[in-house]
Structures are given as structure tokens and as C-alpha cells.
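Working notes for the structure below.
2 protein chains.
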Amino acid sequence: MAKALPVSPLAPKGGFPALPAIGGVRFSTVAAGVRYAGRTDVMLAELQPGTTIAGTFTRSKTRSAPVLDCEVKLGREAQAGAAILVNSGNSNAFTGTRGVEAVRAVAAQVATTLGIPEARVFTSSTGVIGEPLPHERITAVIETLHDTLSGDGIADAARAIMTTDTYPKGSVRTAEIGGRTVTVAGIAKGSGMIAPDMGTMLVYVFTDARIGFDALQPLVKGACDSTFNCITVDSDTSTSDTLLVAATGASGIDVTDNPAFSTALTAVMDDLAKQVVRDGEGATKFVTVNVTGAASDADARLVAMSIANSPLVKTAIAGEDPNWGRIVMAVGKSGAEADRDRLTIRFGEVLVAQNGMVAPGYVEADAAAHMKGEEVMISVDLGLGSGALTVFTCDLTAQYIAINADYRS
Amino acid sequence: MAKALPVSPLAPKGGFPALPAIGGVRFSTVAAGVRYAGRTDVMLAELQPGTTIAGTFTRSKTRSAPVLDCEVKLGREAQAGAAILVNSGNSNAFTGTRGVEAVRAVAAQVATTLGIPEARVFTSSTGVIGEPLPHERITAVIETLHDTLSGDGIADAARAIMTTDTYPKGSVRTAEIGGRTVTVAGIAKGSGMIAPDMGTMLVYVFTDARIGFDALQPLVKGACDSTFNCITVDSDTSTSDTLLVAATGASGIDVTDNPAFSTALTAVMDDLAKQVVRDGEGATKFVTVNVTGAASDADARLVAMSIANSPLVKTAIAGEDPNWGRIVMAVGKSGAEADRDRLTIRFGEVLVAQNGMVAPGYVEADAAAHMKGEEVMISVDLGLGSGALTVFTCDLTAQYIAINADYRS
Chain H
1 MAKALPVSPL APKGGFPALP AIGGVRFSTV AAGVRYAGRT DVMLAELQPG
51 TTIAGTFTRS KTRSAPVLDC EVKLGREAQA GAAILVNSGN SNAFTGTRGV
101 EAVRAVAAQV ATTLGIPEAR VFTSSTGVIG EPLPHERITA VIETLHDTLS
151 GDGIADAARA IMTTDTYPKG SVRTAEIGGR TVTVAGIAKG SGMIAPDMGT
201 MLVYVFTDAR IGFDALQPLV KGACDSTFNC ITVDSDTSTS DTLLVAATGA
251 SGIDVTDNPA FSTALTAVMD DLAKQVVRDG EGATKFVTVN VTGAASDADA
301 RLVAMSIANS PLVKTAIAGE DPNWGRIVMA VGKSGAEADR DRLTIRFGEV
351 LVAQNGMVAP GYVEADAAAH MKGEEVMISV DLGLGSGALT VFTCDLTAQY
401 IAINADYRS
Chain W
410 MAKALPVSPL APKGGFPALP AIGGVRFSTV AAGVRYAGRT DVMLAELQPG
460 TTIAGTFTRS KTRSAPVLDC EVKLGREAQA GAAILVNSGN SNAFTGTRGV
510 EAVRAVAAQV ATTLGIPEAR VFTSSTGVIG EPLPHERITA VIETLHDTLS
560 GDGIADAARA IMTTDTYPKG SVRTAEIGGR TVTVAGIAKG SGMIAPDMGT
610 MLVYVFTDAR IGFDALQPLV KGACDSTFNC ITVDSDTSTS DTLLVAATGA
660 SGIDVTDNPA FSTALTAVMD DLAKQVVRDG EGATKFVTVN VTGAASDADA
710 RLVAMSIANS PLVKTAIAGE DPNWGRIVMA VGKSGAEADR DRLTIRFGEV
760 LVAQNGMVAP GYVEADAAAH MKGEEVMISV DLGLGSGALT VFTCDLTAQY
810 IAINADYRS
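Protein sequences appear in the order of chains H and W. All letters in the first sequence, in the order written, are residues 1 to 409 by the working numbering. All letters in the second sequence, in the order written, are residues 410 to 818 by the working numbering.
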């Protein structure tokens, strides 16, 4: 990142939440100088033996070496201790055999230092694509990371994984199960190149609940579909999207098939996903796009993402312009089944258009007032069936251009 | 348009070309005050009896009333005189039954005034979506348009159809056929909401060649696939894209199955398509994206459009940054078959990456020098098959945001 960016105006008002220690997890961070100067850029999470690790990843055809490595490690040697190591500044994507070697070198060093199998060391890298990862800068600090592990380090970990993020992202929920409490806490990074495809940016969720891989993995995939797979900042899908969920079992409470745990996990992921949107590069508005009445859920996704990714819709929102003609355009180009004369469009509570034309009694000033708020809601009913989806995005501003025309140079 | 925009730095250096009169066509323009003040906003083209009219249109599911009307009129009553009437300022899209009535009213008035069948009156409207077209302002000026028709008016017609365009677009080619000459001349408008889908913005091509509808229509569709369907400014597909080609036959030269005519027609369309890109909202770079080695032509299109529409690629180009990692990203998210380790990427003549990593001997300064030019060439070889496509686009700048956050307000 060429220069410090101001904190997003959409950042959570309360700042970073107070995240409790999670039994069975310890964190440490260090400034390794991978790319950035004067800040931490590597974080290590150590997980106690028996921790279950589930996850989802980008489906990009050019996914990074760490993503490919993580994919094959899921579900293996579940009784051993485990670790997650993340660096920012360099994504180790499109780095060929050198990229694979870098992952091996880092994972091997972590395994040796922590005394765990290499198959239980998950690594992620985020930052510039295509430049070789200077992995020796990371292997050189693993001993330090090991020596400074602490149960309280999750907030520092959230900061160490940031790239163009303007604030660290964290979330916590608890679930009461048989009179006892399990805790789910997570951290995420992401701001640009956000259009997750079965994964997300970098997201790490930790819980002291006990649950096996075969139960946790489908839970994570399902929650991902309704959270991280429903956000977009700029329609560009990363080569590195990674979500890992680690259940240490330290609470001794089994949460297999427990709806309270599922709710807590989904809530943490939902909160983190929206925090990523709220840190969308250059964002000034948080936008909810509600699509109902589609011929299928798949069609609802096409329409919602067509609206949420349209540069003309996003610039109109930046200009606080209730330009519903651009919503009509985005519906029309989406590829989904649509009947112009059955469309209903609302900005907030204001009925803008129905039956293929502007609504009787529509007063633009009402919609314009809604657009001036920090939260904008666009609702489209297609009038065809029961397909529905809600997605979250942000507006497109000159600041997005400034960030991305300068980044990396 | 809220204010006058400076002329695009990519505008053709020679200005608007000298377009000759085309036998069988007369033009007129007028300031009807549809939306804009102090400029012409309606153009009429009168076509002699026997003129063949072919065309292609947007496939948007929310296409405008004039588009729907044109579609059904193609190929009918080919021996009668004909007319094309176009207004700017209002697209008459998403205007329900009032939109249909407006098209009927305008077409009927033109038919009566010119003494031709209503089925031979083609209308187009371009501008804001969703506001009722004040068609009485147009019907009120048809008599004036009729009285001022002239064979020399095509340049004025090109100006009357502009919206956010910063310069009028025209092109001309001739074909020698049996020692005689036919002429093909065309005009176009388009600057934003440009990602044509089987049609384009508004494009009108006129020729004095003689050719029937059944021969001309497939020729137009084929040429459209390799010209207007290969450009994108902002990935947003208009509700109004219309291409009409009128062959008056005034030269008396039959061009059925004549390759010289086909070449001239395609050249005019290619020139106009590139002029639309050169007037892309806020554009400062003309970008050619060459994809080769794809598993299929369809895959080549997916990859080329994924690169050409990526906001991160387009902002990097604006910043003159040879950020080839973003090309890798765009390939990966395209949905096309791709093998990271077979990818080859070039900026201009500079080999940047091959075999899944940065090329040996790559010097970023070489690629950076290419990016500083006004014309940027990105070449991607997927190394899988013989699928290929070249598309044309522009960069994404803060000026695009400024134009679109202000337009209409």
C-alpha cells in the first residue's frame, strides 16, 4: 500500500469488538518486513491437539499456492495439534514452483518449531500477485512467533493480516448449550478484489466448541453461501480467498447438529462479511440489494449481483441519485428471466416503479431523501416466482479509482 | 447531461470525417427540447422506396419500446419508402404502455408527413431511462424536419443523437465492384452503458448499394459479432442498443454475396465501434485485449471480457501500472477453462509472464514504458487450444465516476 488510507466512514461505530480468549487457541504477530515497513505482517495461531479445521476457498482457476495447499490438508490428521500462519503484503499467487516451495518452507518451519505434523499447518498469503514470496523473511521469525504466543492476541492478529483494509475486522457470538456457553470469534481482512466465489477473503473463525470435520465442513459451506458468497465490492474475485474455521473442543461441549451453535457461527460470518463490505475501497454507502419474486434462487443471484456489480448503479448511489433506470438496466442485462411489465422497484420504503413504469404518485424527493443516508436499500421484485436473495455491496467512488490506480506502483 | 464534458483525449485526431452524400438518403435535424436546451436532439433520415433495412438490437430483458417496435418491423414492406427518426435526451425505456403509445404517435406522424407506411418508420430514443417521453415535442417538429431534408445532413445527424458523447462519430468506406463504386457511411453514438449484447448503442449505416433483406441481415449480424460485440466500456448493457443498416440501392449496383461490400461494411462498423470506445466515459487509454490459445472461442470471449471489464485491471491501466497480477486474477475468475501453469501474458511486445510465473528476464520498466502510451495492448495466451478473440475497451478513471455520479441529478 503506497500510503495510509483514512478509515472508512462505514466502519463499525464501536471500533474493534472486545474478543475474548478462545480456549485452545493462542496467537502471536510480528513485523517480518515481507513488504510493508513499520507494521506487523505475519500472524500465527496455534491450535490444541484435536482441533477440527474446516474451510472453503476461492474457485478461481488461478488460485494461489497457499490455497491449493490448504485444500488438500483439510480433514487430515485431525487429532494432532495444528497451526494457521498468515502473511500480508504478498499473496504468493502466480509464483509457479517457487510459490509451492515457499509454502513448503514456511509450513515445515512452523511444524518443526511447534512439534506438529506439516499436514496440520495451514498458511495464507495476501497482497500483491505474481511476485515471489520472500519466505526466508517469514521462516526467520517463526521462533519469535512461537515464543510470544498468547491467548489474548486475536486483535493483534486481525491487524497483522490487513492490506488495503482501513480497519481490523472482528466478531464474536456465544451459544448457550445445556446451560453452558460456547464462544465463536472470528477475524477477517478484505477491502478490494471482493466478489467471493465459494470462499471469501481471508477469514479465520475460532471456537472452543467440539465438533468433528464431517459435521463442521457442511455447516461452514452452508453459512458461507448465505454470508460471504452474498457480498461484492468490485466484482473482482481474488486468487486467495480463504475461510478457515477451527473448533478446538476446549469447552468440552459437543455442538454436532446443534442449531444454537450453527446460528452463532453464521452470525459471526455474517458480521465479518458485512464488515468487509463496510471497508470496501472508497466506500461511502452500505448497500443492501433485496431480490424477490425471481423464477429461481439462481436467477435471484444473477439479478442481485448484476445490480450490485453495475458501475452505473454504484456511481449513481455515490451521487445520491435515485436513478432507478439503471436498476432496470441491470435487471435487463443479468441473463435472468425477467418481464419488464412485472417489475417492482423500491428505494428504502419508497415504491419507485411497478408494472413496467414509474409508480403512480412517485415523488423523486422521497427516494432522494433515502439515498442521502449511509445505508441504502434497493428492493426488486420480479413478480415471477419465489426465488430470492439478499446481497450486500457498497458504492463506487473516485476514491476507489485513486486507491487502485496507485496501489502497488 | 449536467454540464459540457471536455472532448475525449482519445478522439480521432482528424475530427469528424468528411462523409459524402449517399444516394437515396436525406437527413434533417432540429432542436425539439426533449430534454436538452440549446442543441439539436432529433434527427430524421428519409430513405428512398426499395431501401433494404437490416439491423440488430440489444438482448436486454428490459429493452425499450422503440427497440421492441423496430424488431417487428425489420424485413416488412421492403418496396416502400422508409424513415429513421432518433431522439436524444430520453430513451423511452421502462415507460410501460405510455412508451408504446409514444412510439406509435411519433411513427404515425412521420408516416403521414412523408407518405410512407408506418411499418417502415424506425424510431430510436436514447437518454434517461424511466421517464415518459414527451413525444408531443417530437411530433410538433416533424413537419419542420420534412421541410429541411438534405442529402448533406449526415454530420448534423451524428451530433443530434449524442448524449454523454464528447464528439460525434462517423465513418465511410467505398468498395469497387465491377469498375463502379458503392459507398458505405455510418454514424454512431455511445460513451457509457456500453457492453453491447448482439447489438450496440445507436448506430446507423447507409449505403447506396443494392441488396435484399435476406442477404443483408446475416451480413450485418456477422459483422456485428466481430465489431460492436467486441467492445465494452463499463460492462453495463443498454436497454436501447440499436444498429440499423439501410441499403438504398441508388447506385444500381447489386452487392449480394460481394466480399468487397462486406469488407467495406465491416470496416465502417469496426471504425465506429472503436470510436465509441475512444469516447468511453472518462477514458484516457485505448485498450486492446488479445486472447489466444483458449479451449474455445466462447472461452476466449469469457477471458477477454473478464479482463476488459475488471475494475481492478482498468484502474491499473489508468494508473499506468503494469499490474499483471490483476490479469491473472481476471483470467482466474472468468469461468473459462484455464491452467495457471500454461498462461502467457504480454503488455505490448513485452513478455511478462509464462508457465505460471513471471518471465525470466522480465524488467518492469519495459512494461511500464508501454503503459505510458495512449494505446495499451494486453495479450493473453492460455496455451490450451485455438480459441481466440480480440476486444477493445478503455481505462476506468475518476472522471467516469464524476460523470455518472452527476448525470441525471
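Yeah, the Cβ is synthetic: ideal placement off N, Cα and C, and Gly gets one too.
*Looking only at DSSP bridge pairs, what is W/V696 linked to?*
W/V785 and W/T802
*asked:* Would H/A54 and H/V25 qualify as a contact pair, given that the criterion is a beta-carbon distance under 7 Å?
replied: no
*H/R278 versus W/T449: straight-line alpha-carbon distance, rounded*: 44 Å
*Name, please, each residue of chain H whose Cβ falls closer than 7 Å to the Cβ of W/T693.*
None at all; the shortest Cβ gap to chain H is about 11 Å.
_W/M571 - DSSP class collapsed to helix/strand/coil_ = coil
*Which of the three DSSP states, helix, strand or coil, is assigned to W/Y771?*
coil
*Answer yes or no: does any C-beta atom of chain H fall closer than 7 Å to that of W/G728?*
yes
*Which of helix, strand or coil does DSSP assign to H/Y36?*
coil
*Mind reading off the beta-carbon distance from W/P415 to W/T575? Whole number of angstroms is fine, and I expect it under 8 Å.*
7 Å
*Kindly examine the ligand SAH and report whether one of its heavy atoms sits closer than 6 Å to the Cβ of H/T256.*
The model on display carries no ligand, and the ligand SAH is accordingly not part of it.
*asked:* Given this structure, state the Cα-to-Cα distance separating W/D478 from W/A517, to the nearest angstrom.
replied: 13 Å
*Can a CB atom of chain H be found closer than 7 Å to the CB of W/A505?*
Reading the sequence as shown, one finds Gly at residue 505 of chain W and not Ala. Interface residue, yes.
*Could you pull out every residue in the same chain whose Cβ sits closer than 6 Å to the Cβ of W/D790, ignoring the five residues on either side in sequence?*
T701, G702 and T753
*Return the CA-CA distance between H/K333 and W/G505, expressed in angstroms with no decimal places.*
18 Å
*What are the boundary residues of the beta strand (DSSP E) that includes H/F122?*
V121 to V128
*Compare the C-beta of H/S60 with all C-beta atoms of chain W and state if any pair is closer than 7 Å.*
yes
*asked:* Quick check on W/K781: buried or exposed, where buried means 16 or more other Cβ atoms within 10 Å of its Cβ?
replied: exposed
*Just confirm the distance between the C-beta atoms of H/T163 and H/I403, as a whole number of angstroms; I'd bet it's less than 8 Å.*
Their Cβ separation, rounded to whole angstroms, is 11 Å, which puts H/T163 and H/I403 out of contact at 8 Å.
*Residues, ordered as in the chain, of the segment 324-335 of chain H that lie near chain W by beta-carbon distance below 8 Å*: W324, G325, R326, V328, M329, A330, V331, G332, K333 and S334
_For H/D321 and W/A814, the rounded distance between their alpha carbons_ = 7 Å
*Would you tell me roughly how many angstroms separate the C-alpha atoms of W/A491 and H/L10, rounded to the nearest one?*
56 Å
*In chain order, what residues of the same chain have a beta carbon less than 6 Å from the beta carbon of H/G89, not counting five sequence neighbours either side?*
V34, R35, Y36, D41 and G127
*Would you list, in sequence order, the uninterrupted beta strand (DSSP E) runs of no fewer than 3 residues that lie entirely inside the segment 588-660 of chain W?*
589-598, 611-616 and 651-656
_Cβ-Cβ distance between H/V268 and H/S171 below 7 Å_ = yes
*asked:* So with CB distances below 8 Å, who are the chain W contacts of H/L312?
replied: G601, M602, D643, D645 and N813
*In angstroms with no decimal places, state the Cα-to-Cα distance between W/P426 and W/T590.*
19 Å
*asked:* Less than 7 Å between CB atoms is the rule here; does W/R749 satisfy it with respect to chain B?
replied: Absent here is chain B; the protein component of the structure consists of chains H and W.
*Can you give the Cα-Cα distance for W/M607 and W/A632, rounded to whole angstroms?*
Note that W/M607 scores a pLDDT of 39, beneath 50, so its modelled location is shaky; the value from the coordinates is reported in the next line. Distance between the alpha carbons of W/M607 and W/A632 is about 11 Å.
*Cα-Cα separation, H/V328 to H/S64*: 37 Å
*Say whether the segment 279-288 of chain H touches the segment 224-234 of chain H, bearing in mind that this needs 3 or more beta-carbon pairs closer than 8 Å, one atom from each stretch.*
yes
*Could you name the residues of the same chain whose beta carbon sits closer than 6 Å to that of W/S600, not counting the 5 residues immediately before and after it, in chain order?*
T573, D574, D688 and E690
*asked:* On the criterion of 16 or more Cβ atoms from any shown chain inside 10 Å, does H/S150 qualify as buried, or is it exposed?
replied: exposed
_So H/V128 contacts chain W; which residues on that side make the cut at Cβ distance below 7 Å?_
G734
*Where do the ends of the alpha helix (DSSP H) carrying W/S715 lie?*
D706 to N718
*Does the count of Cβ pairs from the segment 621-632 of chain W and the segment 704-719 of chain W closer than 8 Å reach three?*
no
*asked:* Assuming W/I525 is part of the beta strand (DSSP E), what are its boundary residues?
replied: Counting along the chain, W/I525 falls outside any beta strand (DSSP E), and DSSP gives it neither H nor E.
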